[in-house]
Amino acid sequence: MPTSAIHYPTASLKPHREESLLSGHLWIFSGALQQPPHWIPAGGLVDVKSSTGQFVARGYYNPQTDIAIRILTHNVEEAIDASFLRRRIRSALELRGIFDPSQTNTYRLLNSEGDGLPGVIVDRYADILVVQIHTAGMVRMRSMLIDVLMEEAAARGLLLRNDSQSRHREGLELEEPVVAAGDVPAQVLVRENGIQFFVDPWQGQKTGLFIDQRDKRAALCKYVRGKRVLNCFSYTGGFSVYAALTSKETNVTSVDISAPAIEAARQNFTLNGIDVNPHQFLIADVFDYLEQAQHNGELFDVVVLDPPAFAKTQSARGQALKAYRRLNMLGIQVLRPDGILLTCSCSGVIGMDDLLGTLSQVSQRLRRPVQLLESYTHSVDHPTNLVMPETAYLKALFCRVG
Ligand code: SAH
48 MPTSAIHYPT ASLKPHREES LLSGHLWIFS GALQQPPHWI PAGGLVDVKS STGQFVARGY
108 YNPQTDIAIR ILTHNVEEAI DASFLRRRIR SALELRGIFD PSQTNTYRLL NSEGDGLPGV
168 IVDRYADILV VQIHTAGMVR MRSMLIDVLM EEAAARGLLL RNDSQSRHRE GLELEEPVVA
228 AGDVPAQVLV RENGIQFFVD PWQGQKTGLF IDQRDKRAAL CKYVRGKRVL NCFSYTGGFS
288 VYAALTSKET NVTSVDISAP AIEAARQNFT LNGIDVNPHQ FLIADVFDYL EQAQHNGELF
348 DVVVLDPPAF AKTQSARGQA LKAYRRLNML GIQVLRPDGI LLTCSCSGVI GMDDLLGTLS
408 QVSQRLRRPV QLLESYTHSV DHPTNLVMPE TAYLKALFCR VG
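Per our numbering, the very first residue in the sequence shown carries number 48; after that it's consecutive.
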């Protein structure tokens, strides 16, 4: 049995509950614990031991959630301190070294479980870091984390955006955005695949930009040259700017319910030297817009559907599937025969099979055959742990619809 000088209070598992941890899974549900650790504050560190007393892993504990323990290391010799955080962050930065900063200087620097640091997300916008802390365990490491991040990422400023609803599950309050180090301007200019975007890290949705779509935006370009493109749920114009840059003849309609997002989309066109005049920017509910467009007999060559998550929990799955069906039905009805559809889902509880099933139902209903062209998940800076498919959320399909 491995012994070590490094010890934390013990959390004991029920018999045979160590299997998934040994395969690299990072969650322990409360039902797997034989004996919840005593006298541990929410987020305190624990050593997880098998029912026979063997060390299995080390992590942090929160009695308030179903996911009672999140694992930080399987190595008995690894203390959870600033050096530990530094190793994880360096490893994450090494992966992001694939980006040429002259082309792409915005990426997810830390993707929680996917980078071996459960409970924290860090998005980089040029020299600004935007951090979301989701768990009590990470709150306890907060100041150490901020110091190490600032050093390792050579950042100018770090903004904490602890306003995600998921904090409630951990018994944490939502907070106003706050600068935790350096200084953070109201607007940051970033490059993604050589294309420029303004990002508002303070009030933008999530951390400011949906960088998980970078590769899908690039993939879209080959389909849109000279075409009439409809970008539904456009936010600040990610897909729209890429499309409009492919040729002067490409015409893009961007639709979003958020007025600030549509205004930012216009600014992002101008920023990239695109004349906004031929293009349409509409503040509208996509469902209403599509119904009206269909009624008016409008047809597009390419339709992008990138809605917000329709389901956050298992219990919302049924309703969400209905919404995806309706959305894809409406989207296809304004797509000309042999047009291109990019359809996405960022609901964690909706799998790739669900999205494929939805499309095939819609295809049958409308008698519009669908050819599957490309399928994607997150971009590469959003790695997921192989044995934790439940932490993957994004699915995207490029199709041609007859
Ligand atoms: N495709 C975008 C990200 C979309 S995020 C990108 O690449 O950056 C989802 C967007 O949907 C948000 O901007 C939100 O304002 C918008 N939204 C949510 N519900 C909507 C609705 N019913 N109609 C129109 N837009 C909606």
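A virtual CB, placed ideally from N, CA and C, is assigned to each residue, including glycine.
Could you tell me which residues DSSP pairs with residue i in its beta bridges?
i	result
residue 279	302, 352
residue 450	Any answer about residue 450 is impossible in this case: the structure gives the chain only from 48 up to 449.
residue 443	391, 423
residue 117	74, 107
residue 170	155, 177
residue 244	237
residue 330	303
residue 226	206
residue 250	Residue 250 is not bridged to any residue.
residue 464	Outside the modelled stretch of the chain, which goes from 48 to 449, sits residue 464, for which no answer is possible.
residue 448	386, 417
Quick one, are the C-beta atoms of residue i and residue j less than 8 Å apart?
i	j	result
residue 209	residue 179	yes
residue 93	residue 58	yes
residue 312	residue 334	no
residue 245	residue 315	yes
residue 387	residue 415	no
residue 242	residue 319	yes
residue 175	residue 204	yes
residue 137	residue 154	no
residue 95	residue 69	no
residue 341	residue 217	no
residue 161	residue 432	yes
residue 354	residue 374	yes
residue 330	residue 367	no
residue 297	residue 264	no
residue 417	residue 391	no
residue 56	residue 83	no
residue 189	residue 164	no
residue 351	residue 279	yes
residue 395	residue 338	no
residue 185	residue 192	yes
residue 239	residue 214	no
Do residue i and the ligand SAH come close, with the Cβ less than 7 Å from some heavy atom?
i	result
residue 116	no
residue 99	no
residue 252	yes
Looking at the unbroken alpha helix (DSSP H) that takes in residue i, where does it start and where does it end?
i	result
residue 189	189-199
residue 372	364-380
residue 293	285-293
residue 409	399-413
residue 131	129-143
residue 67	66-69
residue 267	261-271
Taking the beta strand (DSSP E) that residue i falls in, what are its first and last residues?
i	result
residue 239	235-239
residue 82	80-82
residue 57	57-60
* **Neighbouring residues (CB closer than 5 Å to any heavy atom of the ligand SAH)** => 257, 260, 280, 282, 285, 303, 304, 305, 308, 332, 333, 353, 355
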